[in-house]
Amino acid sequence: MIKILIVEDDPHIAKMIAAALDIVGYASDQCADGKTAVSRILHESFSLVLLDVMLPGLDGFGVMEQIRSKGVPVIFLTAMQEVSDRVRGLRSGAEDYIVKPFEVVELLARIEVVLRRTNKAEKILTYNDIQVDLKRHTVKKSGKIISLTPKEFNLLTFFMQNTDIALTRERLLAAVWGYDFAGETRTVDIHVQQLRAKLKLYDRLVTIPKLGYRLEKSP
């Protein structure tokens, strides 16, 4: 089970992040000051830490100095936008540095990248009778192997990692085809149609008019 510590002194932001993590199946816990964060990170087990920089008592950079030896991946979340601050954060050992305000979908995508890069990501994803093995790059439905193209596989994986979240076609293009992909959003529509047909997701992978798609949360 992936467990993430949210170190954030703004209760509204912390609650929003916790809700987003819960939707995609990550467990989370929260604390609101640097000293408590250090104690918890050193004495408990977390897959990842989302660390605000501007904290009471001990700021995020100070926290990072004290927990670096633990080896837990850290993503800084901060309103500090100066390039020098980003450089300092990354040089301190953080895996990523996200400037507030941020989109929840972007945060979840970057969390997944860090977890995968640090070998802490889930290797098996499950949705109803669909099972995706990320290591073997296979998909099964009711125990039967389903043949998907590489893009279909990546698109399905992204939907399963972001269930019950409205995803625009542009966001899907960026996540699956890359930010520099110059294709049309029709590309997404075609691949979604193929996923629906191959995995019988007609009632679960729904179209959001004038926006994109959402994979309904598994019942």
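Basically the working numbering = 1-based index in the sequence shown + 40. Just so you know, even glycine gets a beta-carbon here, dropped at the ideal spot from N, CA and C. Computed from a prediction, not measured in an experiment: that's the story for all the values here.
ask   = Within 10 angstroms of its Cβ, does residue 41 collect 16 or more other Cβ (buried), or is it exposed?
value = For the purposes of this step, residue 41 is identified with residue 1 of the sequence shown, where counting begins at 1. When all chains shown are included, residue 41 counts as exposed.
Where the alpha helix (DSSP H) through residue 173 begins and ends = Counting from 1 along the sequence shown, the entry for residue 173 is found at position 133. That residue, residue 173, is in no alpha helix (DSSP H); its beta strand (DSSP E) goes 170-173.
key: Secondary structure of residue 67, DSSP reduced to three states   = Residue 67 sits at position 27 when you count from the first residue of the sequence shown. For residue 67, the secondary structure class from DSSP, reduced to helix, strand or coil, is strand.
query = Which residues in the same chain as residue 86 place their Cβ atom closer than 6 Å to its Cβ, once the five residues preceding and following it in sequence are excluded?
reply = Numbered from 1 along the sequence shown, position 46 holds the residue referred to as residue 86. The residues are 43, 45, 112.
request  = Ignore the nearest five residues each way along the sequence and tell me which others in residue 229's own chain have a CB closer than 8 Å to its CB.
outcome  = Looking up residue 229 in the sequence shown gives position 189. A distance below 8 Å between beta-carbons, with the five flanking residues on each side excluded, links residue 229 to the following residues of its chain, in chain order: 209.
inquiry  = For a test of the three-state rule: what should DSSP assign to residue 238, helix, strand or coil?
reply    = As a working note, residue 238 is residue 198 in the sequence shown. Correct three-state label for residue 238: helix.
task = Jot down the residue ranges of each uninterrupted alpha helix (DSSP H) in the segment 84-130, minimum 4 residues, whole runs only, in chain order.
result = Counting whole runs of 4 or more residues, the segment 84-130 contains the alpha helix (DSSP H) stretches 100-107.
ask   = Smallest Cα separation from residue 98: which of 48, 196, 205?
value = Position 58 of the sequence shown, counted from the start, is the residue given in the question as residue 98. Sorting 48, 196, 205 by C-alpha distance to the C-alpha of residue 98 places 48 at the top.
task = List the DSSP bridge partners of residue 47.
result = Translated into positions along the sequence shown, residue 47 becomes position 7. 71, 91, per the DSSP bridge assignment.
message = Only counting the same chain, and skipping five residues up and downstream in sequence, which positions put a Cβ closer than 7 Å to that of residue 169?
response = Counted from its first residue, the sequence shown places residue 169 at position 129. Hits under 7 Å: 181, 182.
message = Given a cut-off of 8 Å on the beta-carbon distance, is the pair residue 213 and residue 225 in contact?
response = Walking along the sequence shown from the start, residue 213 turns up at place 173. Walking along the sequence shown from the start, residue 225 turns up at place 185. Between residue 213 and residue 225, the C-beta spacing is below 8 Å.
Option nearest residue 191 by Cα separation, candidates 146, 235, 245, 166 = Counting from 1 along the sequence shown, the entry for residue 191 is found at position 151. The shortest C-alpha separation from residue 191 is found at 235.
inquiry  = Tell me the residue span of the alpha helix (DSSP H) that contains residue 191.
reply    = Locating residue 191 in the sequence shown gives position 151, where the first residue counts as 1. Going by DSSP, residue 191 is part of the alpha helix (DSSP H) stretching over 190-201.
query = Which two residues bound the contiguous alpha helix (DSSP H) that contains residue 212?
reply = Locating residue 212 in the sequence shown gives position 172, counting from the first residue. First-last of the alpha helix (DSSP H) with residue 212: 209-212.
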